[in-house]
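Trainee: These protein sequences, in sequence, are chains A and B.
In my numbering, each number is its position in the first sequence, counted from 1, plus 3.
In my numbering, each number is its position in the second sequence, counted from 1, plus 3.
Glycine is no exception: its CB is placed at the ideal position from the N, C-alpha and C atoms.
Have a look at this one before I ask anything.
Protein chains: 2
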Amino acid sequence: MLLLTIFGFWLHRPNVAVSTPDLMERLLTQLTKIHQIGEKASNDLRACIKQTILPKNEMLITEGRVCRHLYFMEAGSLRGFYYQDGKEITHWFGFENDFVTSFYSFITGQPSVENIQLMDGAILWAISKESLTEMMDKHHELERLVRLAYERYYIRLEERYVNAHFKTAAERYEQLVEHAPHIIERVPLGYIASYLGVSQETLSRVRSRF
Amino acid sequence: MLLLTIFGFWLHRPNVAVSTPDLMERLLTQLTKIHQIGEKASNDLRACIKQTILPKNEMLITEGRVCRHLYFMEAGSLRGFYYQDGKEITHWFGFENDFVTSFYSFITGQPSVENIQLMDGAILWAISKESLTEMMDKHHELERLVRLAYERYYIRLEERYVNAHFKTAAERYEQLVEHAPHIIERVPLGYIASYLGVSQETLSRVRSRF
DNA sequence: TCTGATTTTTGACTATTGTCAAAAGTTTAG
DNA sequence: CTAAACTTTTGACAATAGTCAAAAATCAGA
Numbered sequence: 004m005l006l007l008t009i010f011g012f013w014l015h016r017p018n019v020a021v022s023t024p025d026l027m028e029r030l031l032t033q034l035t036k037i038h039q040i041g042e043k044a045s046n047d048l049r050a051c052i053k054q055t056i057l058p059k060n061e062m063l064i065t066e067g068r069v070c071r072h073l074y075f076m077e078a079g080s081l082r083g084f085y086y087q088d089g090k091e092i093t094h095w096f097g098f099e100n101d102f103v104t105s106f107y108s109f110i111t112g113q114p115s116v117e118n119i120q121l122m123d124g125a126i127l128w129a130i131s132k133e134s135l136t137e138m139m140d141k142h143h144e145l146e147r148l149v150r151l152a153y154e155r156y157y158i159r160l161e162e163r164y165v166n167a168h169f170k171t172a173a174e175r176y177e178q179l180v181e182h183a184p185h186i187i188e189r190v191p192l193g194y195i196a197s198y199l200g201v202s203q204e205t206l207s208r209v210r211s212r213f
Numbered sequence: 004m005l006l007l008t009i010f011g012f013w014l015h016r017p018n019v020a021v022s023t024p025d026l027m028e029r030l031l032t033q034l035t036k037i038h039q040i041g042e043k044a045s046n047d048l049r050a051c052i053k054q055t056i057l058p059k060n061e062m063l064i065t066e067g068r069v070c071r072h073l074y075f076m077e078a079g080s081l082r083g084f085y086y087q088d089g090k091e092i093t094h095w096f097g098f099e100n101d102f103v104t105s106f107y108s109f110i111t112g113q114p115s116v117e118n119i120q121l122m123d124g125a126i127l128w129a130i131s132k133e134s135l136t137e138m139m140d141k142h143h144e145l146e147r148l149v150r151l152a153y154e155r156y157y158i159r160l161e162e163r164y165v166n167a168h169f170k171t172a173a174e175r176y177e178q179l180v181e182h183a184p185h186i187i188e189r190v191p192l193g194y195i196a197s198y199l200g201v202s203q204e205t206l207s208r209v210r211s212r213f
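Take a look at the structure:
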C-alpha cells in the first residue's frame, strides 16, 4: 500500500528523485539561513534525519496521538485542523521550507489536539524529539539555531493572531492575497474560509466584490 | 495583600531603583521552574539585571521606538495595545511572574508597533538584549533556558490564537473567567472587551446573562 | 463625605455575517 | 469524452454583534 501511494506520488512529480541524499541539502540550506552551523553538527544532524514521503490526503498527525517528530517540508502542502461541534476548523497551513509538527504535543508529550493532513503529496524530513534533544545537548550552536527558529515562528504567530482577531474578514482576505498568494492559489476555498474564521459563503461574497 | 501595600508606598517614589537584592530571588525562582541553572550562570545574570519601578499609567514601551530590553514582572499589571483607525486595541495583558517585552521589536531591532502601558504600579527586572545575548553565548544552559521559555510562550500564544479566532465572544469570556479570573478582577471592562475583540456593550450583555 | 469623572449598563436601531438550499462551475476517473 | 463527485456561487432569511445615546453605578480626589 505504501509503495503504491509512493508510486502515485511519483506520477505527478516524475523528475523528483526520492532517495538521493543530496535532497537534504535543501533542509541544510534553510537551516543555514537561520544560523550558521559547523561541519560536525551538520553531519550529526544528517545521521538522525529521515526522509518521509506521503501522498495527498494522508494524515501526518492524528488527534489523540502523541506527536514525536518535527518535520521539514521539502515539497507539498498541508493543513492543521481540529474538530469543533463536529466541524473541521483549519487553523494553519504548511508549505515548502516550513517546519511543521503538532507543536503542543511535540513539546509537552501530551496527545495532540489537532490533525495534520496533506493537501498534496509531500516530501518531508523528520527528526525525533529524542534525537533533537540529543543534538541540542551536544551542540550549543544547534540549541541556538532552534532558539532563533522559535523567535521567527513566534513573531509569525503573533502577527497571525493580531490579524485573525482584530481585522474584518475582507481585510484578512486581502492580507492573504497580498502576503500569501500561494495559499489562495493552492488551497480550496472552504479551507481558507475556515482559516479566516468566516463561512465559505461570506468569503465567496467578499471575493466577488474584489 | 502585603505586596500591594508595600507597593502603594513605592508608588510615590517612581523611578527610584531600590536596592533590595533579595527581591531578585523571585525572578531566579521563576527561572528555575523553567530550567535549572548553575551558580556561575546565575551570578552572571544577577550582574546584568536591573530593577525598574514604574507608576500606574506609565508607558513601558512606545510605538515607533526600538525596544531593547526584556522585563520580568515582579509585581503589577500591564497591557499591550496598538492603534487601529484611531482606536486602541488591547491585545495582551501581563501580570506577576510574566516575562514581557515588545517581542517583535526586541528580536528584530525594528521599531515597536505596539505600546505597553502599566495598568498598576509595577516592579520589573530588566535585561538588555546585548546582555542577554552575551549570557547565552557564555552559558549553553541559559540558551536552553530561553529556548524552553520560548516553547512555553509559543504554546500559550497558540492557545490564545485558537480561542480568539474560533470561539464566540461568550465562550471567550467564560474561558477567561475560568482560566484567568485575575484578568476579570483587575482589568477594566473596556480593555477586556478590546482584548476579546467585541464591543464593550456586547461584553456587558454577555456578562449580564452569566 | 461629597462631587465630578470615569466606568458599566441598557435601549433602540443598523449592519454584518451565518445558515440553509439550490444552482452553476470545475475536477477527476473510468 | 462523459458522468459523478466535489467546489464555488447566489438568494432569502435569521441570528448576532456593532453603534450611538443616555442612564446608572462606581471610583477617586478634595
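Please decide whether B:M139 counts as near chain A, where near means a Cβ-Cβ distance under 9 Å.
Mentor: Counting from 1 along the second sequence, the entry for residue 139 of chain B is found at position 136. Using a Cβ-Cβ cut-off of 9 Å, B:M139 counts as an interface residue toward chain A, since at least one Cβ of chain A sits closer than that to its own.
Trainee: Which runs of the beta strand (DSSP E), 3 residues or longer, sit entirely within the stretch 66 to 97 of chain A?
Mentor: 72 to 78, 81 to 87, 90 to 97, all fully within the stretch 66 to 97 of chain A.
Trainee: Is it the case that the Cβ atoms of B:H214 and B:L151 are separated by a distance below 9 Å?
Mentor: As shown, chain B starts at 4 and ends at 213. That puts residue 214 of chain B outside it, with no answer to give.
Trainee: Do you know offhand how far B:G67's Cα is from A:K53's?
Mentor: Taking the second sequence and counting its residues from 1, the one referred to as residue 67 of chain B is at position 64. Taking the first sequence and counting its residues from 1, the one referred to as residue 53 of chain A is at position 50. Straight-line spacing of the CA atoms in B:G67 and A:K53 works out to 45 Å.
Trainee: If you scan the stretch 109 to 152 of chain A from start to end, which runs of the alpha helix (DSSP H) of 4 or more residues do you find wholly inside it?
Mentor: 132 to 141
Trainee: Taking 8 Å as the threshold, find out whether the stretch 78 to 98 of chain A comes into contact with the stretch 131 to 147 of chain A through three or more Cβ pairs.
Mentor: no
Trainee: Are the beta-carbon atoms of B:K43 and B:H142 separated by less than 9 Å?
Mentor: Along the second sequence, one-based indexing puts residue 43 of chain B at 40. Along the second sequence, one-based indexing puts residue 142 of chain B at 139. Result yes, Cβ atoms of B:K43 and B:H142 sit closer than 9 Å.
Trainee: Taking a contact to mean a Cβ-Cβ separation below 9 Å, would you say A:F84 touches A:Q120 in this structure?
Mentor: As a position in the first sequence, residue 84 of chain A is number 81, starting the count at 1. As a position in the first sequence, residue 120 of chain A is number 117, starting the count at 1. Yes, these two residues count as a Cβ contact at 9 Å.
Trainee: Looking only at its chain, what residues have a beta carbon closer than 6 Å to the beta carbon of A:S211, apart from the 5 residues adjacent to it on each side?
Mentor: The sequence position of residue 211 of chain A within the first sequence is 208, counting from 1. Counting only Cβ-Cβ distances below 6 Å, and skipping sequence neighbours, we find nothing.
Trainee: Taking the alpha carbon of B:D47 as the reference point, which residue from B:V190, B:Q203, B:M139, B:V209 has its own alpha carbon closest?
Mentor: The count along the second sequence starts at 1 and reaches residue 47 of chain B at position 44. The candidate whose alpha carbon is nearest that of B:D47 is B:M139.
Trainee: Does the beta carbon of B:Y85 come closer than 9 Å to any beta carbon on chain A?
Mentor: On the second sequence, residue 85 of chain B is found 82 positions in, with the first residue counted as 1. Cβ-Cβ to chain A under 9 Å: yes for B:Y85.
Trainee: Output needed for B:R189: all residues of its chain with C-beta closer than 6 Å, excluding positions within five of it in sequence on either side, in chain order.
Mentor: Position 186 of the second sequence, counting from 1, holds the residue named residue 189 of chain B. Closer than 6 Å at the Cβ level, and outside the excluded window around B:R189, lie S80.
Trainee: DSSP three-state call for A:Q54: helix, strand or coil?
Mentor: Here residue 54 of chain A refers to the residue found at position 51 of the first sequence. A:Q54 falls in the strand class under three-state DSSP.
Trainee: Are A:I187 and A:L179 close, meaning C-beta to C-beta below 9 Å?
Mentor: Taking the first sequence and counting its residues from 1, one reaches residue 187 of chain A at position 184. Taking the first sequence and counting its residues from 1, one reaches residue 179 of chain A at position 176. In terms of Cβ geometry, A:I187 and A:L179 form a close pair [threshold 9 Å].
Trainee: Can you pull the chain A residues whose beta carbon is under 7 Å from the beta carbon of B:G254, in chain order?
Mentor: Look at the range of chain B in this structure, 4 to 213, and you will see that residue 254 of chain B is not part of it.
Trainee: What does B:F106 touch in chain A if you count any residue whose Cβ is under 9 Å from its own?
Mentor: On the second sequence, position 103 is the one that residue 106 of chain B refers to. The contacting residues are E154, Y157, I158, E161.
Trainee: Which residues share a DSSP beta bridge with B:F102?
Mentor: Counting from one through the second sequence, the residue named residue 102 of chain B turns up at place 99. Answer by DSSP bridge pairing, in chain order: B:F75.
Trainee: State buried or exposed for B:G112, treating a residue as buried only when at least 16 other CB atoms are found within 10 Å of its CB.
Mentor: Here residue 112 of chain B corresponds to residue number 109 of the second sequence, with the count starting at 1. Classification of B:G112: exposed, given that the 10 Å Cβ count is below 16.
Trainee: How many Å lie between B:E177 and B:C70 at the Cα?
Mentor: For the purposes of this step, residue 177 of chain B is taken as the residue at position 174 of the second sequence. For the purposes of this step, residue 70 of chain B is taken as the residue at position 67 of the second sequence. Taking the straight line from one Cα to the other gives about 34 Å.
Trainee: Does the beta carbon of B:H38 come closer than 9 Å to any beta carbon on chain A?
Mentor: For the purposes of this step, residue 38 of chain B is taken as residue 35 along the second sequence, with counting starting at 1. It does not; no Cβ of chain A falls within 9 Å.
Trainee: Residues bridged to B:M62 by DSSP?
Mentor: Start at 1 with the first residue of the second sequence, and residue 62 of chain B comes out as number 59. Per DSSP, B:Q120.
Trainee: Using a 10 Å radius around the Cβ and a threshold of 16 neighbouring Cβ atoms, would you call A:E204 buried or exposed?
Mentor: Position 201 of the first sequence, counting from 1, holds the residue named residue 204 of chain A. Exposed is the call here.
Trainee: Within 10 angstroms of its Cβ, does B:G41 collect 16 or more other Cβ (buried), or is it exposed?
Mentor: The residue labelled residue 41 of chain B in the question sits at position 38 within the second sequence. Classification for B:G41: exposed.
Trainee: When the Cα atoms are used, what is the spatial distance from A:E77 to B:L63?
Mentor: Taking the first sequence and counting its residues from 1, one reaches residue 77 of chain A at position 74. Taking the second sequence and counting its residues from 1, one reaches residue 63 of chain B at position 60. If you take the alpha carbons of A:E77 and B:L63, they lie about 42 Å apart.
Trainee: If I follow the unbroken alpha helix (DSSP H) through B:Q33, where does it start and stop?
Mentor: For the purposes of this step, residue 33 of chain B is identified with residue 30 of the second sequence, where counting begins at 1. Where B:Q33 is concerned, the enclosing alpha helix (DSSP H) stretches over 27 to 37.
Trainee: Verify the CB distance criterion: does A:R210 have a CB-CB separation below 9 Å to chain B?
Mentor: As a working mapping, residue 210 of chain A is identified with position 207 in the first sequence. The Cβ of A:R210 sits no closer than 9 Å to any Cβ of chain B.
Trainee: Is there at least one Cβ from chain A nearer than 9 Å to B:I110's Cβ?
Mentor: Translated into positions along the second sequence, residue 110 of chain B becomes position 107. By this cut-off, B:I110 is an interface position.
Trainee: Return the chain-ordered list of same chain residues with a C-beta closer than 8 Å to the C-beta of B:F109, the five sequence neighbours on each side being excluded.
Mentor: The count along the second sequence starts at 1 and reaches residue 109 of chain B at position 106. If we look at B:F109 and ignore the five residues flanking it on each side, its Cβ neighbours are C70, R71, H72, L73, K132.
Trainee: Which residue marks the beginning of the alpha helix (DSSP H) containing A:G193, and which one marks its end?
Mentor: Within the first sequence, the letter at position 190 stands for residue 193 of chain A. First-last of the alpha helix (DSSP H) with A:G193: 192 to 199.
Trainee: Using a Cβ cut-off of 9 Å (strictly closer), state whether B:H143 contacts chain A.
Mentor: Here residue 143 of chain B refers to the residue found at position 140 of the second sequence. Yes, because at least one Cβ of chain A sits closer than 9 Å to the Cβ of B:H143.
Trainee: Let's test the definition: count the other Cβ atoms within 10 Å of the Cβ of A:G124 and tell me whether it reaches 16, buried, or not, exposed.
Mentor: Position 121 of the first sequence holds residue 124 of chain A. With 16 or more other Cβ atoms within 10 Å, it is buried.
Trainee: At what residues does the alpha helix (DSSP H) containing B:I187 begin and finish?
Mentor: In the second sequence, residue 187 of chain B corresponds to position 184, counting from 1. Where B:I187 is concerned, the enclosing alpha helix (DSSP H) stretches over 184 to 189.
Trainee: With DSSP run on the structure shown, which of helix, strand or coil describes A:S202?
Mentor: For the purposes of this step, residue 202 of chain A is identified with residue 199 of the first sequence, where counting begins at 1. In this structure, A:S202 counts as coil in the three-state DSSP scheme.
Trainee: Can you tell which of B:E146, B:P191, B:E137, B:A173 has the C-alpha that lies nearest to the C-alpha of B:C51?
Mentor: Translated into the one-based positions of the second sequence, residue 51 of chain B becomes position 48. Of the listed residues, the one whose Cα sits closest to B:C51 is B:E137.
Trainee: By DSSP, does B:R49 sit in helix, in strand, or in coil?
Mentor: In the second sequence, counting from the first residue as 1, residue 49 of chain B sits at position 46. In the structure shown, B:R49 sits in a helix (DSSP, three-state: H, G or I).
Trainee: Using a C-beta to C-beta distance shorter than 7 Å, which residues of chain B count as neighbours of A:I92?
Mentor: Taking the first sequence and counting its residues from 1, the one referred to as residue 92 of chain A is at position 89. Within 7 Å Cβ-Cβ: F169.
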